[in-house]
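With my numbering, letter number 132 in the sequence shown gets 171, and the count goes up by one each step, no holes. A virtual CB, placed ideally from N, CA and C, is assigned to each residue, including glycine. In what follows, a single structure is set out as structure tokens and then discussed.
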Amino acid sequence: MKYYILLLGILFFITGCDKENDLEPSFLEKEWFKLQDNPDDRVQHAAYEVYVTWGIPVFCNDTIGSEDRGSDHYGNPIVYYKVLDLNYNLNNPSNINNIQSKHISLIREDADKLAGIEFVDKIFFPAVPEVFHIQSILLLDSIYEEQYGNKTLKKMHQAMETLAIADIPLIAGMSHEEKVERVNELVTFLSINYLAKNPVAELETFKRVSYDPATQRSYYGMMVRKPLYPGYICLEPARWEVYGFLDYSRSNYPYVTDPDITNWRYQIVTEDEDVEDFIMAVVSYSKRDFEAAYAEYPKVLEKFEIMRGIMESIGVELK
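Right, dumping it as structure tokens:
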């Protein structure tokens, strides 16, 4: 009896499968980031040549493609548009109740688009290590970030599927040296993002250089000035390089123009600002030039050497 029941179950299973609908495409297989050549379109052809060389697509429009997905219940066509959304990034915790909104302006002139494509091809891509894993580039006229009604222009922004680079019409008119400087800013930006997700022990070593073992206090965020009263916690007036920094904070109304340094008053930068300053220095200066410029400041030289090692470890080519 059990044999017949089992046989009947198998029969129902086979005949049931015969009645299922044919498999339909899932619409997930389209390769949005695979560029196609168009010899009749100068911009598309230039972008395609860069794609062949580097394997990274370069776009001048945030809408990078469309797809017909049938029709709705009323017979109206359903068209899906693939858009590079700069406001979406899983790696950014601020996406939870995000109050920052990115807005963009596209490049109008083909000449500027071609100049932007050449910029990333000849200067930017050769300077970028593979560990950054850039999926695509979006070239733009401008990006601005809006928060509580305040607008802030941005030179770049890294989203989930693209690295957006702004100011392309401006970059088109730059000298080679100015373009290299902009690339250094981009590499610094990408390096900061990478190290935030992939921290290395050497970063803690870097930060401990600007530390006072006697008081067991870090210099970050401290005021440099004459004490306001006995017991007031601050650092003795001196240039910021003495404490191992390349710059000072612009907050708290700094006063650093008096010929007498003992009258100076300023605040030390934050950890993030310090890391950014030294990454920018490492990618911008040769070791020889930097050591010559800061020979009198041993803490600065020590931090530069540590950061140089960090950048070399992630594949950034240095001067």
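DSSP three-state assignment for residue i, whether helix, strand or coil
{"i": "Gln83", "result": "helix"}
{"i": "Asp311", "result": "helix"}
{"i": "Leu192", "result": "strand"}
{"i": "Ala203", "result": "strand"}
{"i": "His215", "result": "helix"}
{"i": "Ser175", "result": "coil"}
{"i": "Thr102", "result": "strand"}
{"i": "Met261", "result": "coil"}
{"i": "Tyr233", "result": "helix"}
{"i": "Arg304", "result": "strand"}
{"i": "Tyr333", "result": "coil"}
Spatial neighbours of residue i in its chain, beta-carbon cut-off 8 Å, leaving aside the 5 residues before and after
{"i": "Met388", "result": "For residue 388 there is no data in the structure shown, the boundaries of the chain being 40 and 358."}
{"i": "Ala332", "result": "Tyr324"}
{"i": "Arg347", "result": "Val321, Lys326 and Leu357"}
Residue i vs residue j beta-carbon contact at 8 Å
{"i": "Ile207", "j": "Asp151", "result": "yes"}
{"i": "Leu125", "j": "Ile146", "result": "no"}
{"i": "Glu387", "j": "Lys141", "result": "In the structure as shown, the chain starts at 40 and stops at 358, and residue 387 therefore has no counterpart that could be examined."}
{"i": "Pro276", "j": "Arg289", "result": "no"}
Cβ shell of residue i (< 6 Å), same chain only, five flanking positions each side left out
{"i": "Pro132", "result": "Because the pLDDT of Pro132 is 44, which lies under 50, any placement of that residue in the model is unreliable, and the number read from its coordinates should be weighed accordingly. Hits under 6 Å: none found."}
{"i": "Asp160", "result": "Val89"}
Interface flag, residue i vs chain D, CB-CB below 8 Å
{"i": "Leu145", "result": "Among the chains in the structure shown there is no chain D, since it carries only a single protein chain."}
Residues sharing a beta bridge with residue i, DSSP
{"i": "Val118", "result": "Asp107"}
{"i": "Asp251", "result": "Arg256"}
{"i": "Tyr294", "result": "Arg304"}
Inter-residue spacing [alpha-carbon to alpha-carbon] between residue i and residue j
{"i": "Lys359", "j": "Gly104", "result": "An answer regarding residue 359 cannot be provided, because it is not within the stretch 40 to 358 covered by the chain."}
{"i": "Asp101", "j": "Asp313", "result": "34 Å"}
{"i": "Ile231", "j": "Phe343", "result": "15 Å"}
{"i": "Arg304", "j": "Asp286", "result": "13 Å"}
{"i": "Trp279", "j": "Asp251", "result": "14 Å"}
{"i": "Ile138", "j": "Gly188", "result": "The predicted model places Ile138 with a pLDDT of 48, which falls under 50 and marks its position as unreliable, so this point remains unresolved."}
{"i": "Ile117", "j": "His84", "result": "29 Å"}
{"i": "Pro293", "j": "Gly260", "result": "13 Å"}
Contacting residues, own chain, Cβ-Cβ under 7 Å from residue i (five flanking each side not counted)
{"i": "Leu74", "result": "Ala86, Tyr87, Tyr90 and Pro96"}
{"i": "Pro266", "result": "Cys273"}
{"i": "Tyr119", "result": "Ser105, Glu106 and Arg108"}
{"i": "Phe158", "result": "Ile210 and Lys218"}
beta-carbon residue i near the ligand PLP non-hydrogen atom, thresh 7 Å
{"i": "Val167", "result": "Because no ligand of any kind appears in the structure shown, any question about the ligand PLP cannot be addressed here."}
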